[in-house]
Amino acid sequence: MKLKEKLIKSEKIYSGKILDLKLDTVELPNGKTTLRENVIHKQAVAVLPIQHNGKVILIKQYRHCTGEELWEIPAGSIDQEENIEKALQRELSEEIGFIAKKVHKLCAAYTTPGFTSEFTHFFVAEKLISKKIKGDDDEFIEAKEYTIEEIFKMIKNNKIKDAKTILAVSLYKLTKV
């Protein structure tokens, strides 16, 4: 069965600092048409930072969309002039005050393919070296170390609700990078 949809018309209805919103008219495999709302987002990096003692550094920040403070791994968009490596080092430095001498790629995945183009590259960062750079003016972050076991308890107890963090920690545990 053919599953691909044919784009008939695309209209950008919003253009913002970190995303664009498009309204697409598509033809479905059965010949009918429908509207698709698409959030166009830059690629991103998400990094699981492992300290020399084996503990993971998580960050807590308020997320307006959820109305909650969430525990997460450092992450962010890849700026236009950056490559993936530069972006992950920048995010580590801005959010937790370290850079990594050693990084391993865990995977790359679409975060929510039902409505956004955001594609995230997941990494483990080790051999961390202190290097703090100024972060974004609108980010207020608290960082704290946890063991992998503590993080899994937090996930089980619904204290960690961020999917990228759950994915990265789970893959790390499965693969023992």
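Heads up, the working numbering is the position in the sequence shown plus 48, with the first residue counted as 1.
Think of the CB as a built atom: it goes at the ideal place given N, C-alpha and C, for glycine as much as any other residue.
Keep in mind that this is a model prediction, so the values were computed, not measured.
> Who are the near neighbours of S125 in its chain, counting only those whose CB is closer than 7 Å to its CB and skipping five residues on each side?
Replying inline: Your numbering for residue 125 matches position 77 in the sequence shown. Cβ within range, chain order: I66, K90 and A92.
> By the 10 Å Cβ neighbour count, where 16 or more other Cβ atoms means buried, how is H169 classified, buried or exposed?
Replying inline: Translated into the one-based positions of the sequence shown, residue 169 becomes position 121. The residue is buried, with at least 16 neighbouring Cβ atoms inside 10 Å.
> From L51 to S165, what distance separates their C-alpha atoms?
Replying inline: Along the sequence shown, one-based indexing puts residue 51 at 3. Along the sequence shown, one-based indexing puts residue 165 at 117. Computed Cα separation, rounded: 18 Å.
> How long is the line joining the alpha carbons of K80 and D72, rounded to whole angstroms?
Replying inline: Your numbering for residue 80 matches position 32 in the sequence shown. Your numbering for residue 72 matches position 24 in the sequence shown. If I take the Cα positions, the gap works out to 14 Å.
> By a C-beta neighbour count over all protein chains shown, 10 Å radius and 16 as the cutoff for buried, is R111 buried or exposed?
Replying inline: As a first step, residue 111 must be located in the sequence shown, where it is residue number 63. It counts as exposed.
>> According to DSSP, is S58 part of a helix, a strand, or is it coil?
In response: Position 10 of the sequence shown, counted from the start, is the residue given in the question as residue 58. DSSP places S58 in strand when its eight states are reduced to three.
>> Could you tell me the alpha carbon to alpha carbon distance between D68 and K60, rounded to whole angstroms?
In response: Taking the sequence shown and counting its residues from 1, the one referred to as residue 68 is at position 20. Taking the sequence shown and counting its residues from 1, the one referred to as residue 60 is at position 12. Those two C-alpha atoms are separated by around 7 Å.
> Are I189 and E143 close, meaning C-beta to C-beta below 8 Å?
Replying inline: Stepping through the sequence shown from its first residue, residue 189 is reached at position 141. Stepping through the sequence shown from its first residue, residue 143 is reached at position 95. The answer is yes: Cβ separation under 8 Å.
> How is K52 classed by DSSP in three states: helix, strand or coil?
Replying inline: The residue given as residue 52 occupies position 4 in the sequence shown. Here K52 sits in coil by DSSP.
>> Does K221 come out as helix, strand or coil in the three-state DSSP assignment?
In response: Counted from its first residue, the sequence shown places residue 221 at position 173. Here K221 sits in helix by DSSP.
> Per DSSP, which one or two residues make a beta bridge with N86?
Replying inline: Start at 1 with the first residue of the sequence shown, and residue 86 comes out as number 38. Its beta-bridge partners are K70.
> Buried or exposed: S141, going by 16 or more other Cβ atoms within 10 Å of its Cβ?
Replying inline: Counted from its first residue, the sequence shown places residue 141 at position 93. Buried.
> Are Y62 and L154 touching if we call contact CB-CB under 8 Å?
Replying inline: On the sequence shown, residue 62 is found 14 positions in, with the first residue counted as 1. On the sequence shown, residue 154 is found 106 positions in, with the first residue counted as 1. No, the Cβ-Cβ distance between Y62 and L154 is not below 8 Å.
>> Using C-beta distances below 7 Å, list every residue in its chain close to L76, excluding the 5 sequence neighbours before and after it, in chain order.
In response: Within the sequence shown, the letter at position 28 stands for residue 76. Contacts found: E53 and T82.
> K207 to W119, Cα distance in whole Å?
Replying inline: The residue given as residue 207 occupies position 159 in the sequence shown. The residue given as residue 119 occupies position 71 in the sequence shown. Distance between the alpha carbons of K207 and W119 is about 8 Å.
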